[in-house]
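Notes to accompany the following structure.
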Amino acid sequence: MSIFRHSKNVAACLSFTFVSLAPLFAWSIEPIVSSKVTTPSNTTTEVVLASEVQWQSLNPLRGDQAPQAGTLWGDQNKDESSGFLVKFRDGFSSPPHIHNITYRGVVIGGGLFNDDPSAEPMWMPAGSYWMQPAGEVHITAARGASIAFLEIQSGPYLVMPPKEAFDEGERPLNLDASNMVWLDSSTTNWIDASAQTISGGGPKLSFLWGNPDAGQVNGTLVKLPAGFVGKLTNDSETFRAVVIQGQAKLYDATASDITPLTTGSYFGSRGSVEHTISTDEEALLYIRTEGDFGIVSK
């Protein structure tokens, strides 16, 4: 496995206004500098550190009042999957609007509300998950300085006025972090049963969306305990992980190169690969893959 690290994102900012089929996000990651360690598998892991994310205003006309966004992977202006971070100022509240595609989000910090314009606020704390279906009128608001990870499965990601609302049969979901259902090695074979995992204090996971069958896209939260040392294994086409809470360390195949991953950092790969990872404190990861993956403790 080799590590390929993005050091710069290139973004083009477009106004957060209700112009039919006008992109809200339109940028892509441009790799500028990379460092690689060749291994027998010849697999490349790309890394975007939270400190390297280039933040851009979603509406330059509103200046510091507008949300800020930074791409982790993909291009929201193209018909492809992508993931990005969004920062909101305290007290931010969007006007009612819709999106042309479904998106999913995980709260990283602060408190976020995403629901019908007339709904009573349910402030989602860090570790909460929500799904906003295409065509559904909603608003997004923040309590305290807030940040979230957002993901789309296809693009472009557009914002449109409520009058263009439509119904494709999906329904929105807000899942508070306190309502997550966690599975351990005794309830899922995705976590390898070992001395570290069967004691009750080992890794846990919570399925959020999608289909866990081979070749099917899905999203999962993974909770790694403090002091975890092990591997995340994957045989699917793509593997993408974002640090939602805490910190982790990512190792190359020889364990000679260690990459600290703070909250908001991303790493991903393609094909069969084992990511060696450790934690000093409890860490929460969001993982997107096709089919299953494995958590193996050393």
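Note that the numbering used here numbers the sequence shown so that position 51 is 284, with each residue one more than the last.
All residues carry an ideal CB built from backbone N, CA and C; glycine is no exception.
Inter-residue Cα distance where the pair is residue 527 and residue 315: 23 Å
Give me, in chain order, the residues of the same chain whose beta-carbon lies closer than 7 Å to that of residue 449; leave out the 5 immediate sequence neighbours on both sides. 443, 523, 524
Taking just the CA atoms, how far does residue 400 sit from residue 512? 43 Å
Grab the span of the beta strand (DSSP E) containing residue 282 for me, first residue to last. Premise fails: residue 282 is in no beta strand (DSSP E) and is neither H nor E.
Applying the 10 Å Cβ sphere with the 16-neighbour rule, what's the burial state of residue 436? buried
Rounded to whole angstroms, what is the Cα-Cα separation between residue 305 and residue 420? 32 Å
If you drop the 5 nearest sequence neighbours on each side, which residues of the same chain put their C-beta closer than 7 Å to that of residue 493? 480, 482
8 Å Cβ shell around residue 418 - same chain, five flanking residues per side excluded: 424, 425, 426, 427, 430, 431, 435, 436
Using the three-state DSSP reduction, which class does residue 374 fall into: helix, strand or coil? strand
Please report how far the alpha carbon of residue 439 lies from the alpha carbon of residue 490, in whole angstroms. 30 Å
Round the Cβ separation of residue 355 and residue 407 to the nearest angstrom and send it over; I've been treating them as touching at under 8 Å. 6 Å
Three-state secondary structure (DSSP) at residue 502? strand
Pull up the distance between the alpha-carbon of residue 359 and that of residue 376, whole angstroms please. 12 Å
Are the stretch 494-503 and the stretch 451-459 in contact at 8 Å, needing three or more beta carbon pairs? no
With H, G and I counted as helix, E and B as strand and the rest as coil, what does DSSP make of residue 347? strand
At a cut of 8 Å, does the stretch 317-332 reach the stretch 381-396 through at least three beta carbon pairs? yes
What ranges does the beta strand (DSSP E) occupy inside the stretch 454-517, keeping only unbroken runs of at least 3 residues that lie completely in it? 462-467, 471-478, 481-484, 491-494, 499-503, 506-511
With a 10 Å radius around its C-beta and 16 neighbouring C-beta atoms as the bar for buried, classify residue 473 as buried or exposed. buried
Residues that DSSP places opposite residue 381 in a beta bridge: 319, 340
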